[in-house]
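Undergrad: Protein chains in written order, with my numbering: chain L, 9 to 208; chain F, 491 to 705; chain D, -1 to 276. I have a structure here, written as structure tokens, and I will follow up with some questions on it.
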Amino acid sequence: MGWIAGGLCADVPPGTVIPVCIGGVDLAVWCSQTGVYSAWADRCPHRGMRLSHGFVRGETLSCIYHGWQYDQSGSCIYIPAHPQLTPPRTICATSYPCASRDGAIWISLAASDESPPETGGREPVRSLPFAGSAERVARFVDADLDALAVLGGEADLAVAIQPVSDTACMVHAFAANGYDPKSVSVQLESMRGEFEELAA
Amino acid sequence: MILYDYVLSASCYKVRLMAALLGQELSLKAVNFHPAREHTSPGILALNPVGTLPIVVDGGLVLSDSVEILQHMTRDAPLWQTEDETWFGFAARLNETLGLARLHDILGYEADIDKVRKEGVTALRFLEKTLSDRRFDGGIFLTGPHATIADIVCFPNTALAPDGGVSLDPYPSIRLWMRAIRSLPGFIEMPGIHRLHELAPMPDAQLAAAQGGGS
Amino acid sequence: MSGSPENHWYCVAMLSGLAEARKTLLLGKEITVGSGADGAWAKSADGSLMPVIERFGHLWACPGEPKKDLFSIPEADGEGRRLVDVGSVRVRCSPLRAVENFLDVAHFPFVHTDILGTESNAEVDRYKVEVREETDEVWATKVKFHQPQAAMSATGGIITEYMYRVPEPTCAVLYKTCPPRPGEWDVITLFVQPLTEEWCEVWPWMALYDDDSTLSEMVSFQQLIFMQDRSILENQIPKKLPLDPGLEVPTQADLTSVAYRRWLKKTGYSYGAQLVAA
């Protein structure tokens, strides 16, 4: 797997964190106040709590359980139970390559030399879950499971399919600049309806 | 105004939350719904023969339907009112699906759990689609530019969906809508719905540590 | 103490909730609990009666052969205490994670915000932890923490002192400062019934000095607190409690947790535990 779309930037505005699952790997994806995106293993090194339940202050992410605070490099910089303590550098969240491009958040589970894919001038529309594996959805829309599959049509639709599990994936959709997003949304919903009816 | 309240009830929370957002005083009377089933005691049944909570008593008025209660509470707050009754029915649907799944998972209530979870997912997908359209129009709330009782009646059972084993992870617009509600001035939490800690200022001890370069 | 989970005592029901027999799970196996003229009983799936004890308002069962009597809480017998059945809540987490969370004060400012703790007073001072050899129990004492609202009967912030005790792998007892009776301790327990290794039913129980609150208010307060923990407990990874160091990083505030994990490992109690760092 190379770059996988984990969400749309508009859905993760500055100061927020969301859970993203890529092929069974749970991630916390967050956007700092200044708009820098990061993707980390969704586990606080302290007690294993999901960091995606945490909160963003400035350029840091804190765990909701005990408030341990991490900077953008993933290093723990503050432990509220021990305000005088400088946390050892070894306390560190596991981070993955993450970048935003053309309004989408791209994540790679392995180090990558390549840039995230372009969306060919299309605008992000919305993300929605499909009840089926990424492979099955890709087959259904007759596309390769590439980072971005162009479906074309009047809206010049393109989708990035994010594998979640054997029974679920997320479809991130992009359409021609200026095309009515509500009608694309209706089109996506009916596509999902057809897929899930076939899959059932 | 008196609220006969159960701390874990999503519907009682609608009333507590509404009061907090309006800045209204609410006198809480705790009802031992679980384990003592006090809502079926003669005293409570005399107020509400159906045996459900919440019950609100305001002077001579006794109300036990959460929508009616919120309409009563907002009678002098036109910005919170809405004509769009679709969402009142939808809130009931959330209660019968996600709400029941939650009671099943927490308190062991009888339920066709796979069915109610599946119907809950269908309801969440409808909510997500609607909110996504609202966002295309530049909004975030259900019925207009600001929150109304439609948002308040739909919020608790949606936000508590994970309590019943239904994930909210795949719904970005629902997440931002919930965030908008949790950011409203006066917002209060309930167990299972955390406050947004980032809205509180960083405490002094932490600021001092940050300014000291963490040394 | 034997490591075999079958030979321990487990809370399986509230005595006041046994009017009708019901099925439940214990250590992954179906059991039935009920009551008759001779008192409360628990039966395994093959119909055989299990050793039982009625104590602390609850029914306790042992699926194997009990190696010792169920622990006692002498403090709870004090005259004037109100004994509070809080009921039960089901949680999709390891029973051991539920106990460990109960032994922790450092999460109060973030999970029980403005009730048991505040972010501006989040510091945890050094406290004392020991395994008491004569009873084979884990104890943490002199645990002090700033609390904005320590209990129903408390108004305003105070420094509350706690003692924690783990008398059984799936049970914890908390003794805490009792505002209306200086010198006495309120008793709050967490009895965890392991349904499976990753699913449990939690029975809090309390013996409090409180002449002001209604019973419903006390139940409500404890359910509020525990349900705030539930969303944490269902979101820890891995689900089972790691007993080997390496996967999770403790600090000085986690000394009780460290002692609890070591004690579980030493006694060989591994139901709900993860033994090899993943």
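Glycine included, each C-beta is placed from N, C-alpha and C at the ideal position.
Would you say L193 (chain D) and C169 (chain D) are within 8 angstroms of each other, going by their C-beta atoms?
TA: no
Undergrad: Got a sec: which bits of the stretch 73 to 104 of chain D sit with their beta carbon under 9 angstroms from any beta carbon on chain F, in order along the chain?
TA: D83, V84, G85, S86, V87, R88, V89, R90
Undergrad: When we look at the beta-carbon of Y503 (chain F) and count the other beta-carbons within 10 Å, is it buried (16 or more) or exposed?
TA: buried
Undergrad: Exposed or buried, K238 (chain D), counting other C-beta atoms within 10 Å across all chains shown (16 or more means buried)?
TA: buried
Undergrad: Following the continuous alpha helix (DSSP H) through K504 (chain F), name the residue where it begins and the one where it ends.
TA: 500 to 512
Undergrad: Of the residues D:S46, D:L23, D:V82, D:V10, which one's Cα is nearest the Cα of Q221 (chain D)?
TA: D:V82
Undergrad: In its own chain, which residues sit with a C-beta less than 8 angstroms from the C-beta of V185 (chain D), not counting the 5 before and 5 after it?
TA: Hits under 8 angstroms: I71, E73, A74, R79, V171, L172, Y173, M204, A205, L206.
Undergrad: Looking at L553 (chain F) and V546 (chain F), is the spacing between their C-beta atoms short of 8 angstroms?
TA: yes
Undergrad: Nearest CA to the CA of S556 (chain F): which residue from F:P681, F:D641, F:K605, F:E528?
TA: For the residues F:P681, F:D641, F:K605, F:E528, the minimum Cα distance to S556 (chain F) belongs to F:D641.
Undergrad: Give the C-beta separation of L674 (chain F) and A649 (chain F) to the nearest angstrom, bearing in mind that I take them to be a contact with Cβ-Cβ under 8 angstroms.
TA: About 13 angstroms separates the two Cβ atoms, so there is no contact after all.
Undergrad: Measuring alpha carbon to alpha carbon, tell me which of F:N522, F:D694, F:P681, F:S501 ends up nearest A582 (chain F).
TA: F:S501
Undergrad: Express the C-alpha separation of M508 (chain F) and M563 (chain F) in angstroms, rounding to a whole number.
TA: C-alpha separation (whole angstroms): 8 angstroms.
Undergrad: By Cβ distance below 6 angstroms, which residues in the same chain neighbour T175 (chain D) in space, the five residues on each side in sequence not counted?
TA: Closer than 6 angstroms at Cβ, skipping near neighbours: T158, E159.
Undergrad: Do the stretch 159 to 177 of chain L and the stretch 86 to 99 of chain L touch if we need at least three Cβ pairs shorter than 8 angstroms?
TA: Judged by Cβ distances under 8 angstroms, the stretch 159 to 177 of chain L makes no contact with the stretch 86 to 99 of chain L, as fewer than three pairs qualify.
Undergrad: By Cβ distance, which residues of its chain are closer than 6 angstroms to C84 (chain L), with the 5 residues on each side in sequence left out?
TA: W76, Y78, P95, I99
Undergrad: What does the Cβ neighbour count give for P635 (chain F), buried or exposed, with the cut at 16 atoms within 10 Å?
TA: exposed
Undergrad: What span of residues does the alpha helix (DSSP H) with V97 (chain D) cover, start to end?
TA: 93 to 100
Undergrad: Can you name, in chain order, every residue of its own chain whose Cβ lies under 8 angstroms from the Cβ of C644 (chain F), other than the five neighbours on each side?
TA: W577, F580, A581, L584, L617, L632
Undergrad: Quick check on DSSP: helix, strand or coil for G703 (chain F)?
TA: Per-residue confidence for G703 (chain F) stands at a pLDDT of 47, beneath the threshold of 50, marking its modelled position as unreliable; the derived number appears in the next sentence. Looking at G703 (chain F) - three-state DSSP - the assignment turns out to be coil, as it is neither helix nor strand.
Undergrad: Please give me, in chain order, every unbroken run of the beta strand (DSSP E) with length at least 3 that falls completely inside the stretch 39 to 118 of chain D.
TA: 50 to 53, 56 to 59, 80 to 83, 87 to 89
Undergrad: Nearest chain D C-beta to A89 (chain L) closer than 8 angstroms, yes or no?
TA: So yes, A89 (chain L) belongs to the interface.
Undergrad: When you compare the CB of E162 (chain L) with every CB in chain F, is at least one pair closer than 8 angstroms?
TA: No, because no Cβ of chain F sits closer than 8 angstroms to the Cβ of E162 (chain L).
Undergrad: Taking only beta-carbon atoms, is P137 (chain L) less than 8 angstroms away from chain F?
TA: yes
Undergrad: Hey, does V122 (chain D) have any beta-carbon neighbour from chain L nearer than 8 angstroms?
TA: yes
Undergrad: Pull up the distance between the alpha-carbon of S173 (chain L) and that of L196 (chain L), whole angstroms please.
TA: 20 angstroms
Undergrad: Can you pull the chain F neighbours of Q221 (chain D), defined as C-beta to C-beta under 8 angstroms?
TA: V497, L498, H524, P681
Undergrad: So what does DSSP say about M(-1) (chain D), is it helix, strand or coil?
TA: Its pLDDT being 47, under 50, M(-1) (chain D) is placed unreliably in this model, and the coordinates cannot settle the point.
Undergrad: Go through the stretch 127 to 182 of chain L residue by residue and report every complete run of the alpha helix (DSSP H) that reaches 4 residues or more, in order.
TA: 142 to 148
Undergrad: Indicate whether R51 (chain L) and L59 (chain L) have their beta-carbon atoms separated by less than 8 angstroms.
TA: yes
Undergrad: Which same chain residues end up closer than 7 angstroms to S193 (chain L) when comparing Cβ atoms and leaving out the 5 residues on each side of it in sequence?
TA: Within the same chain, and ignoring the five residues on either side of S193 (chain L) in sequence, the residues whose Cβ sits closer than 7 angstroms to its Cβ are V133, R134.
Undergrad: In this structure, how does DSSP classify P568 (chain F) when only helix, strand and coil are distinguished?
TA: helix
Undergrad: Grab me the residues of L686 (chain F)'s own chain with a C-beta within less than 6 angstroms of its C-beta, minus the 5 sequence neighbours each way, in chain order.
TA: R672
Undergrad: Distance cutoff 8 angstroms, beta carbons only. Does E573 (chain F) sit that close to anything in chain D?
TA: no
Undergrad: Tell me which same chain residues have a C-beta within less than 7 angstroms of the C-beta of E128 (chain D), skipping the five on either side of it?
TA: W137
Undergrad: Can you determine whether any heavy atom of the ligand FAD sits closer than 7 angstroms to the C-beta of A184 (chain L), and answer yes or no?
TA: The ligand FAD is absent from the structure shown, which contains no ligand whatsoever.
Undergrad: Quick one: complete beta strand (DSSP E) runs, 3+ long, within the stretch 160 to 208 of chain D?
TA: Qualifying beta strand (DSSP E) stretches, in chain order: 169 to 175, 183 to 194, 197 to 206.
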